[in-house]
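Participant: Protein chains in written order, with this note's numbering: chain A, 12 to 301; chain B, 24 to 272. Each residue gets a CB set at the ideal place from its N, CA and C atoms; glycine is no exception. Quick one: the structure is below, and I'll ask about it shortly.
Quick look at the structure:
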């Protein structure tokens, strides 16, 4: 799959932003006044910035408002609605903390639930696709949630929660990478089923339909990511999980905490790039490629 | 709405005969010709006369080599366009309702005024039937020439999809696949028409007819060797070189 920068930035930063909103919502930290203003502004910068970035890959972004209408069937539509609801509820909750210094627990919990729903619906956009066997698996939503709330805990300075969640997410990510490598081969789709010619013999792509490239090949057949996949997995694991955990175990220091957050963001950007770049779509079979 | 309608009484679609397709790409050209100036945005090309031409097509012809266990390989030309699936995953993923399946005849269409060009329907399609137009920023796909098949201003013989009308070898057939007595349904029954990637559960309406078994075995003919027993200087050189230590290819 083509690793569009807009979607990588969107999933990374909105994941972190909603993760932070979750911890703010459940009252893990209860800032008031100016401090609350800074906390909520940071969370909204990540969440809203990510959502805005996601509109850059649209062909017609000026019609994005229409995407709220098909919640009955479309995970993308549900994500839009969940994001707006979570952001509105948390804005009211945040305003209470900033201006009156009071915490309306009910609103906080509702907003936290909205944050979970937003990250889950985002992950389901990918998980639902039978055409992409690597994504069509329970590890996709669990990892999105783990990374979002682990990263949110890191931002919120929740030492124990961050260490536990990031360690679990790291182990799950390693499992998803290893198990995912076989999923396309075991999916039951191959050139024989794609062409229906398997009853005659082994099928090989002899000639593509055109001499140039096309949208399908640019969007779905991206082989560069697989060449360095193992190296990038090690880099992403070191930056996204191991470095922040070590920095958080060390005696607390603001520079270490900032470094932990920066390392984690770099690691998640790297693993999200791989999430797209390494992944094969079944349409590649028609081109004799993966 | 992007909810799928209940199964329609009519299921319009194509039957593509892989036995008779000669791979001439006439269907590709006629499809682009008709659809670039009719339904919706034109099918744009980028850098058409330059070094890296690319463009939007609703129908493309692949060619595959199939190697049986015994005997020579077969070349199969393979036209591919939207299969107008009964359980179309491209429709249900659409966030705006732009992508829909018609309840009256099962044709899958895109309402381009509502399309935001997110590309998710193309991700959901296993067959590569949808292409995002780089110029218009909206999703393009086969309309089954909905603006021809019901068009009262066209002569009757032209009221079929452009690809079917133009095919010089009669490899493309159009009709109602829900009607068991229709010509296309009978073709599918007689020739063992099949679905592409049935394991993905999309239930395509379009069917493919397999190449007929070869009735005459075609043995692979090799050229006769030019020389078995060399004579003269070259033969001496061959023997002399072979006598030296080292590997002979």
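Name the chain E residues whose beta carbon is nearer than 8 Å to that of residue 78 of chain A?
Facilitator: Reference to chain E is not applicable here, since the protein chains of this structure are A and B.
Participant: Does the beta-carbon of residue 196 of chain A have 16 or more other beta-carbons within 10 angstroms, so that it is buried, or is it exposed?
Facilitator: The residue given as residue 196 of chain A occupies position 185 in the first chain. With fewer than 16 Cβ atoms within 10 Å of its Cβ, residue 196 of chain A is classed as exposed.
Participant: Taking 6 Å as the limit between beta carbons, can you name the residues of its chain near residue 280 of chain A, skipping five residues before and five after?
Facilitator: In the first chain, the residue the question calls residue 280 of chain A occupies position 269. Cβ within range, chain order: 23.
Participant: Pull up the CB-CB distance for residue 147 of chain B and residue 118 of chain B, whole angstroms please, since I reckon it's below 8 Å.
Facilitator: The residue labelled residue 147 of chain B in the question sits at position 124 within the second chain. The residue labelled residue 118 of chain B in the question sits at position 95 within the second chain. About 12 Å; that fails the 8 Å criterion.
Participant: Thinking C-alpha only, which one of B/100, B/204 and B/114 is nearest residue 216 of chain A?
Facilitator: Here residue 216 of chain A corresponds to residue number 205 of the first chain, with the count starting at 1. Of the listed residues, the one whose Cα sits closest to residue 216 of chain A is B/100.
Participant: Report the partner residues of residue 85 of chain B according to the DSSP bridge assignment.
Facilitator: As a position in the second chain, residue 85 of chain B is number 62, starting the count at 1. DSSP output for residue 85 of chain B lists B/101 as bridge partner(s).
Participant: Which class does residue 72 of chain B belong to by DSSP, given the choice of helix, strand or coil?
Facilitator: Locating residue 72 of chain B in the second chain gives position 49, where the first residue counts as 1. DSSP places residue 72 of chain B in coil when its eight states are reduced to three.
Participant: Measuring alpha carbon to alpha carbon, tell me which of B/76, B/115, B/89 and B/36 ends up nearest residue 105 of chain B.
Facilitator: Position 82 of the second chain holds residue 105 of chain B. Checked all of B/76, B/115, B/89 and B/36; the closest Cα to residue 105 of chain B is B/36.
Participant: If we count the other Cβ atoms within 10 Å of its Cβ and call it buried at 16 or more, is residue 265 of chain B buried or exposed?
Facilitator: Counted from its first residue, the second chain places residue 265 of chain B at position 242. Counting Cβ neighbours within 10 Å, residue 265 of chain B comes out exposed, since fewer than 16 surround it.
Participant: In chain order, what are the residue ranges of uninterrupted beta strand (DSSP E) at least 3 long that sit wholly in the segment 201-244 of chain A?
Facilitator: For the segment 201-244 of chain A, whole beta strand (DSSP E) runs of length 3 or above, ordered along the chain, are 213-218.
Participant: Compare the Cα-Cα distances from residue 57 of chain A to each of A/175, A/119, A/171 and A/25 and report the closest residue.
Facilitator: In the first chain, counting from the first residue as 1, residue 57 of chain A sits at position 46. Residue 57 of chain A has its Cα closest to that of A/25, out of A/175, A/119, A/171 and A/25.
Participant: Please say whether residue 54 of chain B and residue 165 of chain B have beta carbons closer to each other than 9 Å?
Facilitator: As a working mapping, residue 165 of chain B is identified with position 142 in the second chain. As a working mapping, residue 54 of chain B is identified with position 31 in the second chain. In contact: residue 165 of chain B and residue 54 of chain B (Cβ atoms closer than 9 Å).
Participant: Along the chain, where does the beta strand (DSSP E) that runs through residue 198 of chain B open and close?
Facilitator: Taking the second chain and counting its residues from 1, the one referred to as residue 198 of chain B is at position 175. Its beta strand (DSSP E) spans residues 195-199.
Participant: Given a cut-off of 9 Å, decide if residue 78 of chain A and residue 87 of chain A are closer than it, judged by their beta-carbon atoms.
Facilitator: Here residue 87 of chain A refers to the residue found at position 76 when the first chain is read from its first residue. Here residue 78 of chain A refers to the residue found at position 67 when the first chain is read from its first residue. It is a contact, given that the beta carbons lie within the stated cut-off.
Participant: In terms of DSSP beta bridges, what is residue 162 of chain B paired with?
Facilitator: Residue mapping note: residue 162 of chain B aligns to position 139 of the second chain, counting from 1. In DSSP, residue 162 of chain B forms a bridge with B/155.
Participant: Under a three-way DSSP split, which group does residue 55 of chain A fall into?
Facilitator: Here residue 55 of chain A refers to the residue found at position 44 of the first chain. In this structure, residue 55 of chain A counts as helix in the three-state DSSP scheme.
Participant: For residue 66 of chain A, which residues of its own chain have a beta-carbon under 6 Å away from its beta-carbon, when the five flanking residues on both sides are left out?
Facilitator: Reading the first chain from its first residue, position 55 is the one you call residue 66 of chain A. Cβ neighbours of residue 66 of chain A beyond the five flanking positions: 72 and 75.
Participant: By the criterion of Cβ-Cβ separation under 8 Å, what are the contact partners of residue 81 of chain A in chain B?
Facilitator: The residue you call residue 81 of chain A lines up with position 70 of the first chain. 24, 25, 117, 118, 119 and 120, listed in chain order.
Participant: Just the Cα atoms here: how many angstroms apart are residue 91 of chain B and residue 42 of chain B?
Facilitator: Here residue 91 of chain B refers to the residue found at position 68 of the second chain. Here residue 42 of chain B refers to the residue found at position 19 of the second chain. Residue 91 of chain B and residue 42 of chain B: Cα-Cα distance of roughly 16 Å.
Participant: Taking the alpha helix (DSSP H) that residue 278 of chain A belongs to, which residues open and close that run?
Facilitator: Indexing the first chain from 1 puts residue 278 of chain A at position 267. Per DSSP, residue 278 of chain A belongs to the alpha helix (DSSP H) from 265-288.
Participant: Three-state secondary structure (DSSP) at residue 48 of chain A?
Facilitator: In the first chain, residue 48 of chain A corresponds to position 37, counting from 1. Correct three-state label for residue 48 of chain A: helix.
Participant: Do residue 133 of chain B and residue 152 of chain B come within 9 Å of each other at the CB atom, strictly closer than that value?
Facilitator: Here residue 152 of chain B is taken as the residue at index 129 of the second chain, counted from 1. Here residue 133 of chain B is taken as the residue at index 110 of the second chain, counted from 1. Contact flag unset, no.
Participant: So residue 29 of chain A and residue 126 of chain A are supposed to be a Cβ contact under 8 Å. How far apart are they, rounded?
Facilitator: Here residue 29 of chain A corresponds to residue number 18 of the first chain, with the count starting at 1. Here residue 126 of chain A corresponds to residue number 115 of the first chain, with the count starting at 1. About 4 Å separates the two Cβ atoms, so the contact holds.
Participant: Let me know if residue 297 of chain A comes out buried or exposed under the rule of 16 or more other beta-carbons within 10 Å of its beta-carbon.
Facilitator: Here residue 297 of chain A is taken as the residue at index 286 of the first chain, counted from 1. Residue 297 of chain A should be labelled buried.
Participant: According to DSSP, is residue 181 of chain B helix, strand or coil?
Facilitator: Here residue 181 of chain B corresponds to residue number 158 of the second chain, with the count starting at 1. Reduced to three states, the DSSP call for residue 181 of chain B is helix.
Participant: Just reading off the alpha helix (DSSP H) that residue 40 of chain B is part of, what are its end residues?
Facilitator: Counted from its first residue, the second chain places residue 40 of chain B at position 17. Residue 40 of chain B -> not in any alpha helix (DSSP H); beta strand (DSSP E) instead, spanning 35-40.
Participant: Got a sec? Which residues, its chain only, sit under 7 Å from residue 98 of chain B by beta carbon, not counting five neighbours each side?
Facilitator: Looking up residue 98 of chain B in the second chain gives position 75. Contacts found: 86 and 88.
Participant: Secondary structure at residue 122 of chain B, three-state DSSP: helix, strand or coil?
Facilitator: As a working mapping, residue 122 of chain B is identified with position 99 in the second chain. DSSP places residue 122 of chain B in strand when its eight states are reduced to three.
Participant: Using a Cβ cut-off of 8 Å, pull out every chain A residue sitting near residue 217 of chain B, in sequence order please.
Facilitator: What you label residue 217 of chain B is simply residue 194 of the second chain in a count that begins at 1. Result: 207.
Participant: Short of 8 Å Cβ to Cβ, which residues in the segment 63-92 of chain B face chain A?
Facilitator: Those residues of the segment 63-92 of chain B that come within reach of chain A (Cβ to Cβ, closer than 8 Å) are 75, 76, 77, 78, 79, 80, 83, 84, 85, 86, 87, 88, 89, 90, 91 and 92.
Participant: Three-state secondary structure (DSSP) at residue 130 of chain A?
Facilitator: For the purposes of this step, residue 130 of chain A is taken as the residue at position 119 of the first chain. In this structure, residue 130 of chain A counts as helix in the three-state DSSP scheme.
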